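J.: Residue numbers (the working numbering), protein chains in the order written: chain F, 3 to 284; chain A, 6 to 366. Here a beta-carbon is modelled for each residue, glycine too, at the ideal position from N, C-alpha and C. It should be emphasised that the depicted structure is a prediction, and the values quoted were computed from it without experimental measurement.
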């Protein structure tokens with residue numbers, strides 16, 4: 003893989019972070035740049051020297067054995083944990099010291115490994131909560147039901163149904179979110195994340211608990227979402243058919259360190275990766 | 006007519022529940038007004054009409070904190086107390102300036118709501134940043150602190166304005182606060198508010214209930230209300246979709262406190278003598294019982310529970326010594342009945358289509 007270089011202090015120096023797929027986004031600034039990212043819990047280094055860049059419309063995969071630190075990376079990116087070291091640039095802007103809510107407003111939306119829906123609310127309300135920051139009327143116009151309220155609520159209702167139609171879920175709009183079947187809950191979480199109008203969508207094991215046909219459908223939908231919204235998607239997944247099928251760039255994590263980066267073919271033939279997953283050959 | 010029925014059927018279920026709530030309150034008000042004017046209500050019931058209104062507002066407002074926001078508050082009576090005494094001070098001191106009693110009552114309720122909102126902000130800003138049961142602990146303490154503070158509060162009013170003193174040492178009396186002779190004492194320390202002109206009326210109570218319902222129900226159905234319920238259901242997910250947790254927690258808590266203050270002012274102006282011990286921990290728990298038995302997040306449930314459970318101890322007077330025993334048994338039976346799956350299934354068969362979104366009516 004060709005190393006990306008920048009002009010610094012009078013000479014070309016290699017950039018520490020190598021884009022997962024440099025050829026795709028050459029000439030465009032990346033949406034996400036992490037450099038030297040790391041976090042310690044007490045004496046334990048959970049993630050260290052995590053350097054990646056993700057292109058604007060890239061589908062990136064983050065894989066690794068259990069406990070490698072994949073979800074920790076997501077939690078660092080969304081500031082659920084504040085990183086001990088390193089910087090995260092989103093669209094060129096530093097995210098240092100931001101809260102999770104501010105990070106979302108900057109453009110990162112995510113789903114969770116163990117589904118976190120608003121279980122007592124309807125499916126439609128779940129999506130409308132995702133639209134929260136795009137509705138602009140105040141508490142007073144909400145209580146007095148001023149024209150602004152009716153206009154924006156109508157728009158939100160239509161937008162919510164439109165978003166639900168991506169996964170063909172419009173007919174479920176009035177169901178209680180907690181009563182949905184497992185697969186539908188996962189899809190609703192993606193819709194809710196999309197409703198926040200992100201430029202980078204993080205999916206934490208989107209295919210967990212799905213059967214092969216559901217997974218195949220999900221793969222199509224992830225690509226469809228990328229093409230429709232023109233956003234970057236980064237996903238954690240254990241289902242290799244999904245990762246190898248749709249991820250344009252893959253990053254392998256083991257014990258909190260990146261051990262390989264590259265395309266699906268490169269990863270599949272990488273001896274370090276094979277060792278991490280299957281152990282050392284005798 | 007058929008068209009109208011069609012339109013009503015087409016409404017969302019939550020909207021229907023809201024309208025039914027408003028309608029029920031209006032009907033109850035008309036019914037009780039007619040009964041009272043015909044002289045069909047006995048004296049003890051007539052005397053309870055205003056306090057019932059105040060407690061309904063208390064229950065609905067506490068339901069906003071406990072049911073919608075999902076935080077436990079054990080000091081709701083504290084906000085009621087702040088509202089009651091600030092309302093009484095406002096109403097008494099404005100007697101000359103505002104001769105019309107209804108206008109004075111409205112001002113008193115507004116002042117009560119405002120002071121309670123300030124108290125809510127003071128309690129809420131530091132505590133709602135924390136997660137867990139801290140709010141319950143702090144509000145519990147707040148209720149007690151307010152009670153003690155008002156116990157040593159001396160307030161009087163003369164031509165020069167208000168005179169306020171804190172009787173911390175216990176040596177001061179109402180005569181020591183520098184009033185002109187002929188000035189009017191409003192709050193006399195541990196005796197509480199004395200000689201208050203009672204200007205609260207059932208109509209004012211009804212209007213306050215309707216206002217409270219409009220505020221709470223419309224808030225819940227708006228963008229802000231959805232954000233509040235989102236952080237009740239799942240705080241981490243709510244943050245992940247960009248909701249400012251502290252802002253919406255505070256919004257719900259302060260609204261709840263302000264409404265309790267309004268209820269307090271109404272309650273305070275219904276009695277010529279009112280001491281701070283009326284708003285003790287027991288009162289907070291009583292309101293919490295109304296909320297829990299009426300159903301968390303269900304406003305019509307709070308209204309019915311507050312009205313029925315306020316009247317019940319009076320109605321049980323003939324049981325004399327066994328009164329509180331029967332009261333407790335009724336509470337337990339209601340709890341058992343509302344949590345019984347078989348009874349729920351039975352209700353589901355009688356009233357079809359009870360499935361679906363069960364959230365927050």
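Is there contact here, the stretch 145-165 of chain A with the stretch 190-206 of chain A, by at least three beta-carbon pairs under 8 Å?
T.: Contact holds: three or more Cβ-Cβ distances are below 8 Å.
J.: Is the separation between the beta-carbon of residue 121 (chain A) and that of residue 88 (chain A) shorter than 7 Å?
T.: Contact flag set, yes.
J.: Residue 247 (chain A) and residue 135 (chain F) look like a contact to me (Cβ under 8 Å); what is the Cβ gap, rounded to whole Å?
T.: That belief holds up - the Cβ atoms of residue 247 (chain A) and residue 135 (chain F) are roughly 5 Å apart, short of 8 Å.
J.: How about residue 137 (chain F): is its C-beta nearer than 7 Å to some C-beta of chain A?
T.: So, interface residue.
J.: What is the DSSP secondary structure of residue 229 (chain F), counted as helix, strand or coil?
T.: Looking at residue 229 (chain F) - three-state DSSP - the assignment turns out to be helix.
J.: Quick check: the Cα distance between residue 176 (chain A) and residue 346 (chain A), rounded to an integer number of angstroms?
T.: Going from the Cα of residue 176 (chain A) to the Cα of residue 346 (chain A) covers about 60 Å.
J.: Grab me the residues of residue 318 (chain A)'s own chain with a C-beta within less than 7 Å of its C-beta, minus the 5 sequence neighbours each way, in chain order.
T.: So the list reads 328, 332, once near-sequence residues are dropped.
J.: What does residue 228 (chain A) reach in chain F if we use C-beta pairs closer than 7 Å?
T.: Residues of chain F passing the Cβ test: 134, 137, 139, 144.
J.: How would you list, in chain order, the residues of chain A whose beta-carbon sits under 7 Å from the beta-carbon of residue 184 (chain F)?
T.: What residue 184 (chain F) touches in chain A: nothing, since even the nearest Cβ is about 17 Å away.
J.: Which chain A residues are close to residue 316 (chain F), counting only those with a beta carbon under 7 Å from its beta carbon?
T.: In this structure chain F extends from 3 to 284, so residue 316 (chain F) is not present and cannot be described.
J.: Residue 194 (chain F) versus chain A: which residues are under 7 Å apart at the beta carbon?
T.: Within chain A, the residues near residue 194 (chain F) are 246.
J.: Since residue 49 (chain F) and residue 34 (chain F) are thought to touch, with beta carbons under 8 Å apart, how far apart are those beta carbons, to the nearest angstrom?
T.: The pair is not a contact, with the Cβ atoms about 15 Å apart (cut-off 8 Å).
J.: Against chain A, does residue 188 (chain F) count as a neighbour if the rule is that its beta carbon must be under 7 Å from one of theirs?
T.: It does not: the Cβ of residue 188 (chain F) has no partner Cβ on chain A nearer than 7 Å.
J.: Can you check which of these residues, A:302, A:282, A:13, is closest to residue 25 (chain A) by C-alpha distance?
T.: Comparing Cα-Cα distances from residue 25 (chain A) to each of A:302, A:282, A:13, the minimum goes to A:13.
J.: Give me the subset of the stretch 154-166 of chain A whose CB atoms are less than 7 Å from a CB atom of chain F, sorted by chain position.
T.: The residues in question: there are none.
J.: Residues of chain A with CB closer than 9 Å to the CB of residue 151 (chain F), please, in chain order.
T.: Chain A residues near residue 151 (chain F): 223, 227, 228.
J.: Closer than 6 Å by C-beta to residue 340 (chain A): which residues in its own chain qualify, once you throw out the five before and the five after it? Chain order, please.
T.: Taken in chain order, the list of residues that qualify is empty.
J.: Tell me which residues of the stretch 64-87 of chain F have at least one Cβ-Cβ distance to chain A shorter than 8 Å, keeping chain order.
T.: Cβ contacts with chain A come from 80, 82.
J.: I'd like the list of long-range same chain contacts for residue 312 (chain A), defined as Cβ closer than 6 Å, with 5 residues on each side in sequence excluded.
T.: Closer than 6 Å at the Cβ level, and outside the excluded window around residue 312 (chain A), lie 57.
J.: By DSSP's criteria, residue 152 (chain A) is part of a beta bridge. Which residues make up the other side?
T.: Beta-bridge pairing links residue 152 (chain A) to no other residue.
J.: Could one say the Cβ of residue 107 (chain F) lies closer than 7 Å to chain A's Cβ atoms, at least one of them?
T.: Yes, its Cβ sits closer than 7 Å to a Cβ of chain A.
J.: Quick check on the burial criterion: 16 or more other C-beta atoms within 10 angstroms. Buried or exposed for residue 152 (chain F)?
T.: Exposed: under 16 other Cβ atoms inside 10 Å.
J.: Taking 7 Å as the limit between beta carbons, can you name the residues of its chain near residue 102 (chain F), skipping five residues before and five after?
T.: Result list for residue 102 (chain F): 80, 81, 82, in chain order.
J.: Return the CA-CA distance between residue 145 (chain F) and residue 17 (chain A), expressed in angstroms with no decimal places.
T.: When rounded, the distance between both Cα atoms is 18 Å.
J.: With a floor of 3 residues, list each beta strand (DSSP E) that falls wholly inside the stretch 137-222 of chain A, ordered by position along the chain.
T.: Here the runs fully enclosed are 158-163, 166-171, 189-193.
J.: Considering only their Cβ atoms, is the gap separating residue 214 (chain A) from residue 39 (chain A) smaller than 7 Å?
T.: Their beta carbons are not under 7 Å apart, which means residue 39 (chain A) does not touch residue 214 (chain A) by this criterion.
J.: Does any residue of chain A have a CB that is nearer than 7 Å to the CB of residue 223 (chain F)?
T.: Cβ-Cβ to chain A under 7 Å: no for residue 223 (chain F).
J.: Is the beta carbon of residue 162 (chain A) less than 7 Å from the beta carbon of residue 182 (chain A)?
T.: Taking 7 Å as the Cβ cut-off, residue 162 (chain A) and residue 182 (chain A) do not qualify as a contacting pair.
J.: For residue 208 (chain F), does the count of other Cβ atoms within 10 angstroms reach 16, so buried, or fall short, so exposed?
T.: The residue in question, residue 208 (chain F), is buried, as its Cβ has 16 or more Cβ neighbours within 10 Å.
J.: Can you give the Cα-Cα distance for residue 270 (chain F) and residue 254 (chain F), rounded to whole angstroms?
T.: Their backbone Cα atoms lie some 11 Å apart in a straight line.
J.: Quick one: what's got a C-beta closer than 7 Å to residue 228 (chain F)'s C-beta in the same chain, skipping five residues either side?
T.: Once the five neighbours on either side are set aside, the close Cβ partners of residue 228 (chain F) are 59, 61, 235.
J.: With a threshold of 16 other CB atoms inside 10 Å of the CB of residue 168 (chain A), please say whether the residue is buried or exposed.
T.: Label assigned to residue 168 (chain A): buried.
J.: Please tell me whether residue 97 (chain F) has its Cβ less than 7 Å away from any Cβ of chain A.
T.: No, its Cβ sits nowhere closer than 7 Å to a Cβ of chain A.
J.: Taking the beta strand (DSSP E) that residue 47 (chain F) falls in, what are its first and last residues?
T.: Residues 46-56.
J.: Taking DSSP's pairing of strands, which residues face residue 37 (chain F) in a bridge?
T.: Paired residue(s): F:89.
J.: Taking the beta carbon of residue 171 (chain A) as the centre, do at least 16 other beta carbons fall within 10 Å, making it buried, or is it exposed?
T.: The residue in question, residue 171 (chain A), is exposed, as its Cβ has fewer than 16 Cβ neighbours within 10 Å.
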